[in-house]
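See below for the structure under consideration.
Numbering (the working numbering), first residue to last: -19 to 1237.
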């Protein structure tokens, strides 16, 4: 027995509470007795100082559940040796059955007979038929050697009430089985196969806990360990001390196996000294696992050379209950279904089968596999030295399984890739099934492989592997489970529970590697084939389920702690959340995309772990990543970011076109053990060194200065805790100056003199005063009804200025980016356009306040008249006001033009919401996609061109405050507007039917018998501004309601009230959407006639237009509504739709036989059947279509159409082609490729701004 040190009060102190800081146990303890027990070798002064420093200021937040210790297990009761199966009456000796049989003979037990194995035996195969049983005695060294065991009756090695305690009891599986030629015959598989109604029960002596952690660091040379739990382990047993270094490769690791020579409570002695140091500090500690069990299932020695061990396979109808059992040299590398412990296609077993307190050691293929099985329990197990992923959900259909208090350590990749980077992109590499790696995810083998989130993981720990925990996106059921579940979507299932889990010593071999990873994608091109494809990185179609909540999670010794690639936009929010999270000795705590938050966290750049020399040398605690994100950090402590290069939080400045909105808020931040200047960092990156292919890349002369994302970088300190001031919340905005931006941007984020220049951080810090926000706009030329791209040829180009401050401005349109972000709302924004005023402008409110509003001004030539609409997404007219004060007082519904030509608008989105977490409300972004058309203001002007410099004076108070005033300007307001006529057409709309116009100075001018338009003037003859196909002469006759064609003019004083800015399209679907990202669109039988757009329907010929062919509906809001009306009409043959809302439902028996060209009309034929669907290829977003590979783009594959105003019309053009295979569309360029390749679209290339959709008939 281990001799204990002197009791408390005799010079050494008594046993210390588990979890006490290791710094309180440094040095040796000398008793007054006859010998010395050194609990821990002396540390060097450097090591001691390091651990003392690491413990300073640390307050844990991850309160992790732990498995029962020895005292708990003893109090709860374990097997007492009662009702032992091997003591049952009527058991026949197994040796008698073998009598007279040659060694290695195949043995089948007689039916309805029970046999006792009480001496070791060597047979060939063994069959236990229904009704038969083989029961093992509890004798030391009792071993059955067989080539395979097939259980349809009962195989009993102890029971839960009577475990086998003698030791050395078990089964050795021998031979080479079906290694040369795979067989489905159980007796040829070198395994224990349980099927039919068979039962396998194997219970060894339970020891508690099966693994624990160090309570104090163990330095190199240590022979005693202090543990966090009392253990009931025994001398002579083996233990594993798990690494706390980062590297964990088969030939380079610090996991150590030792034998116990003494055990007393939570202290154990080893047979020989440790070679490496293992950290047991306050932040984290090495796991220590028991590697001995009294019952063992093992492969023979021959298994080693072949990597072909034994396996246990439990099939439907069977029951497998194993506790306290070891599996050694088990698993058959790359043998599908041949795993140490495997529940196979058992369905919902409701806890009837389980693995608990077991061990898998030195496995050639996995450890614990749950396959097509739900309701199983995997508890308190350990897996060490495992090839391929260890704890494994195989097909993605597995639900409601419980993984609790399991350990995975030293997990090995199968067939390491030569390259995991593919140039460093987010997508990683795509791996397929190959002979040396049948499941491609084993190229990224992990401790816990989780293909379905609808399960529970509690109190587990993973060390080593590509990652510790991996949740890949699995769109459809895989392998054997697909046939029974063809419509099941694993990636739509939400996480049940993920609590008290730990991962460490992984994420090293990929530049984006993480200890916990939600990402990658696994699928089968041929469903159910087990021929897999796996993308290691960010997939173009994100997972469909959100609400990933990780609680009480701890990571250490990682590149990234967690990596989450986001979800589909339809997923429930938040997408991902970390509550009570700790990350220590990591390069970065977490990289998380989507609507995510971190609440109550501790992030340590480094700790007192001076044993591991390979830990990250530089850390950034959190980096803003990607755009259209919503991220909140609340109550987070950053520790020890004190080395050169360390920084707690850094912004995102890598792109000109992917730029941040107000997408990062923090609250309750604390910084400990670090200089103030290392709290934040505004990263300096140049526009010409952008990560993306835009017009500035590698063009440093054309695009001097910082990147577009740098100039609008921002962070919102919601309570001022990050700044440490008492002024409340603050906006931290980039301090880019004219000297850094080629003169284009200067102090854009410096709101007023209350701002503080945090020069070391690279930010201006301005108090929010309770109402300031960050808002984001997309500004484009022209009238738009769908979101612009990241780059857009119509992007507004110029500068934005603060009202009254010509020295505070922002470059607009860099690299054709239409996006701007900035402070709101007591700072007006003045837009000065290069090239002067535009006749049409659309301002998308991607992120806008619901109260107060942003005052936006721009200049036009004096006397310009305006038609302005506010679309949310339905458009309503913005009324002209008589003063700027009227604009300020109204809820975004009034505009004002002063006598100098300045136009003033107040932008407001009262229905916008907030992303809320941790007591922080962050303004919602992404509203440029609202309703498929976007939250926007459209501005049309009667005049354009050169304008004077007309910077308005500053606003006198906050728009967000209770009162707002304006310094009056000298101006002559226009006459008050008269009441509009809802039956009249709008500016530039067709007015042939209405014969009247809304808007001062507008008249309905006739072009010909088929078309008239509301215009301010008209010149008879051909108008060169018309599209070429429409350049026919204008008669310019003025049409009115009270006259025949061309007789009188329109009465004065009519005011425009509505403008339809949507161009009618040849939509093939009543469900078609132009939202981003693109979605699959079903086509319900409306096909374009002669191209559809710009065509009016006719009967048998161009002149055949009898009014008996159709009935007319007025005020129809959209073409989809017209389609629905027609589809519901008996005898529907098609529709003609005009942008004014005029809908003709054609019922001509012979259908629509012809059409004529006519602007603003659309003609579609109804086929009364579903045509098929357009489906996104590789996610559709930012993807250009290709043929057989990403480089296959022959011009003969498609027909190029330009000037196509919408994706829906592009789809319609494709459907008009008999060989339609799909489309490629660019909204900003109005570019449409109609693909007709016989083999269809088989691949894509990543090209920003493009969408690729495959047509499936």
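Think of the CB as a built atom: it goes at the ideal place given N, C-alpha and C, for glycine as much as any other residue.
*asked:* At the level of alpha carbons, what is the spacing between residue 874 and residue 838?
replied: Taking the straight line from one Cα to the other gives about 15 Å.
*Measure the beta-carbon distance from residue 630 to residue 598 and round it to whole angstroms, keeping in mind my assumption that it falls under 8 Å.*
Not quite, the Cβ-Cβ distance comes to about 12 Å (not below 8 Å), so this is no contact.
*Only counting runs of 3 or more residues, tell me where the beta strand (DSSP E) segments fall wholly within the stretch 398 to 481, in order along the chain.*
Taken in chain order, the whole beta strand (DSSP E) runs of length 3 or more contained in the stretch 398 to 481 are 410 to 412, 426 to 429, 436 to 438, 441 to 444, 447 to 453 and 477 to 479.
*Within 10 angstroms of the Cβ of residue 226, are there 16 or more other Cβ atoms? Answer buried if so, exposed if not.*
By the neighbour-count definition (other C-beta atoms within 10 Å, threshold 16), residue 226 is a buried residue.
*Indicate whether the contact test is met: 3 or more Cβ pairs, each with one atom in the stretch 471 to 491 and one in the stretch 1121 to 1134, closer than 8 Å.*
Too few Cβ pairs lie closer than 8 Å, so no.
*Check whether the stretch 428 to 444 touches the stretch 317 to 333, taking contact to mean three or more Cβ pairs, one atom from each stretch, closer than 8 Å.*
No, the stretch 428 to 444 does not touch the stretch 317 to 333.
_Would residue 481 and residue 528 qualify as a contact pair, given that the criterion is a beta-carbon distance under 8 Å?_
Their beta carbons are not under 8 Å apart, which means residue 481 does not touch residue 528 by this criterion.
*CA-CA distance, residue 1139 and residue 919?*
Straight-line Cα distance between these residues: approximately 22 Å.
_Beta-carbon gap between residue 180 and residue 174 smaller than 8 Å_ = In this structure, residue 174 lies closer than 8 Å to residue 180 by Cβ.
*Please report how far the alpha carbon of residue 731 lies from the alpha carbon of residue 784, in whole angstroms.*
If you draw a straight line from the Cα of residue 731 to the Cα of residue 784, it is about 11 Å long.
*Given a threshold of 16 other Cβ atoms within 10 Å of its Cβ, counted over all protein chains shown, does residue 1002 qualify as buried or as exposed?*
Around the Cβ of residue 1002, a 10 Å sphere holds fewer than 16 other Cβ atoms; the residue is exposed.
*asked:* Suppose you measure from the CA of residue 979 to the CA of residue 876; what does that come to, to the nearest Å?
replied: If you take the alpha carbons of residue 979 and residue 876, they lie about 16 Å apart.
*Which term fits residue 453, buried or exposed, when burial requires 16 or more other beta carbons within 10 angstroms of its beta carbon?*
It counts as buried.
*For residue 496, write down the residues that DSSP places opposite it in a beta bridge.*
Per DSSP, the beta-bridge partners of residue 496 are 449 and 542.
*asked:* Using 8 Å as the threshold, is the C-beta distance between residue 88 and residue 128 below it?
replied: For residue 88 and residue 128, no; Cβs fall outside 8 Å.
*Which residues DSSP lists as bridging residue 501, in chain order*: Residue 501 pairs with 453 and 515.
_What residue range does the alpha helix (DSSP H) around residue 735 cover?_
Looking at the DSSP string, residue 735 is not in any alpha helix (DSSP H), and its letter there is neither H nor E.
*How is the alpha helix (DSSP H) around residue 74 delimited, first residue to last?*
74 to 78 is the extent of the alpha helix (DSSP H) around residue 74.
*asked:* Can you look up residue 867 in the DSSP assignment and give me helix, strand or coil?
replied: Reduced to three states, the DSSP call for residue 867 is helix.
*Assigned exposure category for residue 915 - 16 Cβ within 10 Å defines buried*: Taking all protein chains in view, the Cβ of residue 915 is crowded by 16 or more other Cβ atoms within 10 Å, so the residue is classified as buried.
*Looking at the unbroken beta strand (DSSP E) that takes in residue 652, where does it start and where does it end?*
Where residue 652 is concerned, the enclosing beta strand (DSSP E) stretches over 650 to 652.
*Short check: CB of residue 370 to CB of residue 363, under 8 Å?*
Residue 363 is positioned such that its CB atom lies closer than 8 Å to that of residue 370.
*Are the beta-carbon atoms of residue 421 and residue 502 separated by less than 8 Å?*
In this structure, residue 421 lies near residue 502, with their beta-carbon atoms less than 8 Å apart.
*Closest by C-alpha distance to residue 558, when choosing among 548, 513 and 498*: The alpha carbon of residue 558 has as its nearest neighbour, out of 548, 513 and 498, the alpha carbon of 498.
*Between the C-alpha atoms of residue 258 and residue 247, what's the straight-line distance to the nearest angstrom?*
Looking at the backbone, the Cα of residue 258 and that of residue 247 are separated by about 15 Å.
*From this set, 81, 65, 80 and 85, which residue's C-alpha is nearest residue 97's C-alpha?*
Ranking 81, 65, 80 and 85 by Cα distance to residue 97 puts 65 first.
*Which stretch, first to last residue, makes up the alpha helix (DSSP H) that contains residue 1101?*
Here the alpha helix (DSSP H) through residue 1101 covers 1099 to 1107.
*Are there 16 or more other CB atoms within 10 angstroms of the CB of residue 415, so buried, or fewer, so exposed?*
Exposed, because fewer than 16 other Cβ atoms sit within 10 Å of the Cβ of residue 415.
*What did DSSP end up calling residue 1041 once you bin it into helix, strand or coil?*
Bear in mind that a pLDDT of 26 at residue 1041, under 50, signals an unreliable position, so the number given afterwards is only what the model happens to contain. It is coil, neither helix nor strand.
*Identify every run of the beta strand (DSSP E) within the stretch 705 to 786, keeping only runs that are complete inside it and at least 3 residues long; order them along the chain.*
Inside the stretch 705 to 786, DSSP marks whole beta strand (DSSP E) runs of 3 or more residues at positions 710 to 714, 736 to 738, 743 to 747, 753 to 761 and 778 to 782, from first to last along the chain.
*What's the gap between the Cα of residue 924 and the Cα of residue 843?*
Our two residues, residue 924 and residue 843, have alpha carbons roughly 11 Å apart in a direct line.
_Using the three-state DSSP reduction, which class does residue 909 fall into: helix, strand or coil?_
It is helical.
*With DSSP collapsed to three states, give me the class of residue 586.*
Assigned with DSSP and collapsed to three states, residue 586 falls in coil, not helix or strand.
*Would you list the one or two residues that DSSP bridges to residue 809?*
According to DSSP, residue 809 bridges with 782 and 836.
*For the stretch 608 to 627 and the stretch 581 to 588, state whether three or more C-beta atom pairs, one from each stretch, are separated by less than 8 Å.*
Contact holds between the stretch 608 to 627 and the stretch 581 to 588, because three or more Cβ pairs, one in each stretch, are under 8 Å apart.
*asked:* What ranges does the alpha helix (DSSP H) occupy inside the stretch 663 to 691, keeping only unbroken runs of at least 4 residues that lie completely in it?
replied: Within the stretch 663 to 691, the complete alpha helix (DSSP H) runs of at least 4 residues are 688 to 691.
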